[in-house]
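Numbering (our numbering), first residue to last: 22 to 440.
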DNA sequence: TCTGGGGTCCTAGGACCC
DNA sequence: TCTGGGGTCCTAGGACCC
């Protein structure tokens, strides 16, 4: 039986700022996004004053009661550094750590005699050494650990730790938690479930898995299984290579002339190429997009172009290609609010993708398909062969699946089944 | 007036192939 | 008149995450 913990830095960006400026303690504080547009972190004191996550600051700051809130521009170099400190503290206490985001890390506590005691030690050390207050959620799957973390945050009396390892603990908590609190179920899923009268996690668990799959596709079904205690999202310490990389910006002022857009795209392409080299990767494709402001009443226009590039392309060639693609999708007469450059299909230059589908005789291919079906079903995915599943037509993209990390984790299993 | 900047995965459907 | 079945590759778009 697996045991996972999710450690989450409370109001992480704000806590980082407080670590370096103790006068900010006990004060309402928010950290804003680039251009100081939106609120991306809030202390409890700021939450108490009604500031919402991702709210435009020009709205939130005007509310009565928000006058004493201190705001800061974001400092990602600092937050990245603090994140590494937090990682070091966790790695010193737990057998395995998987960073999930800048402020969240999963621990694999399988086989640890007293996970809750360890969680207490981790929290104390994180506060003492990294100066970051944290909450810890514990459960047999990542989704349950995430939910436990949420619960630990909600019930502030609870010492910042919530353990949902046992069925009994889950039964009590699920009835009290809204379905929207579940990792993986967003607004669209919540709306669909509401139509079935599903409001709490307990309601959700009363639905059969097949029905969930029908309603929310394979991802929803996987979440459902995870909540029932079956671990479907594997723990992995090895950092995965990123698959894409983007440089996008909202313009401070609407762009209406091509030369301005051209300059912006050239700058984005340059930054993207820098990032690419910093990671030691090469790209197989590029996407260029531009759009008008979706919040405005102005005529709307959204367009993007995707094209392949030689992985050896240097920055100047990339800029030229990006600008040419941008010119292609540019239309006069619109007020552009945002544009970006995305590099796709990133790989390490030396890396050769493993060939899962060697051209073989009919019979061994059929055996491979059967093996894939088995594995896919176990991981809550739609089965590979549409014919085998009685589904009308093939919409299954082999390429996508090959690149999917979850698929990769099953490679050995598949290959051994094939043998 | 002012509404972030990144990411991942899944589904659908068209073009094309044998 | 009948109009397959199994596949690849690509684009577009939705949904979700932090």
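Quick reminder that beta carbons are idealized off the backbone N, C-alpha and C, glycines included. Being a predicted model, the structure only gives us computed values, none of them experimental.
For residue 170, is the classification buried or exposed, using 16 other Cβ atoms within 10 angstroms of its Cβ as the cut-off for buried? Buried: at least 16 other Cβ atoms inside 10 Å.
Among 152, 205, 198 and 88, the one whose alpha carbon lies nearest that of residue 219: The residue from 152, 205, 198 and 88 with its alpha-carbon nearest to that of residue 219 is 198.
Coarse secondary structure for residue 76, derived from DSSP in three states: Coil at residue 76, not helix or strand.
In terms of residues, what are the limits of the alpha helix (DSSP H) holding residue 210? Taken as a continuous stretch (DSSP letters only), the alpha helix (DSSP H) holding residue 210 covers 208 to 216.
Which residues bound the beta strand (DSSP E) around residue 326? Where residue 326 is concerned, the enclosing beta strand (DSSP E) starts and stops at 323 to 329.
Ordered along the chain, which non-local residues of its own chain (more than five positions away) have a Cβ less than 7 Å from that of residue 140? For residue 140, where only same-chain residues beyond five positions count, the Cβ hits under 7 Å are 26, 157, 159 and 182.
Simplified DSSP assignment, three categories, for residue 71: The answer is coil: DSSP assigns residue 71 none of H, G, I, E or B.
What does the alpha-carbon distance come out to for the pair residue 311 and residue 113? Those two C-alpha atoms are separated by around 46 Å.
Do you know offhand how far residue 10's Cα is from residue 232's? Nothing about residue 10 can be read from this structure; the chain reaches only from 22 to 440.
Pull up the CB-CB distance for residue 225 and residue 214, whole angstroms please, since I reckon it's below 8 Å. Taking C-beta atoms under 8 Å as the contact rule, residue 225 and residue 214 qualify, at a distance of about 7 Å.
With DSSP run on the structure shown, which of helix, strand or coil describes residue 319? DSSP places residue 319 in coil when its eight states are reduced to three.
One question on the structure: do residue 67 and residue 49 come within less than 8 Å of each other, judged by their Cβ atoms? Here residue 67 is near residue 49, since their CB atoms are less than 8 Å apart.
Could you give the first and the last residue of the continuous beta strand (DSSP E) run that contains residue 59? Per DSSP, residue 59 lies in no beta strand (DSSP E) and is assigned neither H nor E.
What span of residues does the beta strand (DSSP E) with residue 357 cover, start to end? Element bounds for residue 357: 357 to 365.
Host beta strand (DSSP E) of residue 183 (start-end): Residue 183 -> beta strand (DSSP E) spans 182 to 184.
When the Cβ atoms of the segment 129 to 139 are set against those of the segment 90 to 97, are three or more pairs found closer than 8 Å? Not touching, per the Cβ criterion.
Could you compute how far the alpha carbon of residue 32 sits from the alpha carbon of residue 201? Distance between the alpha carbons of residue 32 and residue 201: 20 Å.
Count the other CB atoms within 10 Å of the CB of residue 36; is the residue buried (16 or more) or exposed (fewer)? Burial is judged here by how many other beta carbons sit within 10 angstroms of a residue's own beta carbon; residue 36 has at least 16 and is buried.
Segment contact, 8 Å Cβ cut-off, at least three pairs: the segment 356 to 375 with the segment 298 to 316: Counting Cβ pairs under 8 Å, three or more are found: they touch.
Which stretch, first to last residue, makes up the alpha helix (DSSP H) that contains residue 254? That residue, residue 254, is in no alpha helix (DSSP H); it is neither H nor E in DSSP.
Would you tell me roughly how many angstroms separate the C-alpha atoms of residue 445 and residue 195, rounded to the nearest one? Because the chain spans 22 through 440 in this model, residue 445 falls outside it and cannot be assessed.
Under 8 Å between C-beta atoms of residue 269 and residue 359: It is a contact, given that the beta carbons lie within the stated cut-off.
Are residue 162 and residue 251 close, meaning C-beta to C-beta below 8 Å? Yes, Cβ-Cβ distance for residue 162 and residue 251 is below 8 Å.
For the beta strand (DSSP E) containing residue 29, name the first residue and the last one. Its beta strand (DSSP E) spans residues 25 to 30.
Looking at the ligand GTP, does it come within less than 7 Å of residue 304, judged from the CB to the closest heavy atom? The ligand GTP is absent from the structure shown, which contains no ligands of any kind.
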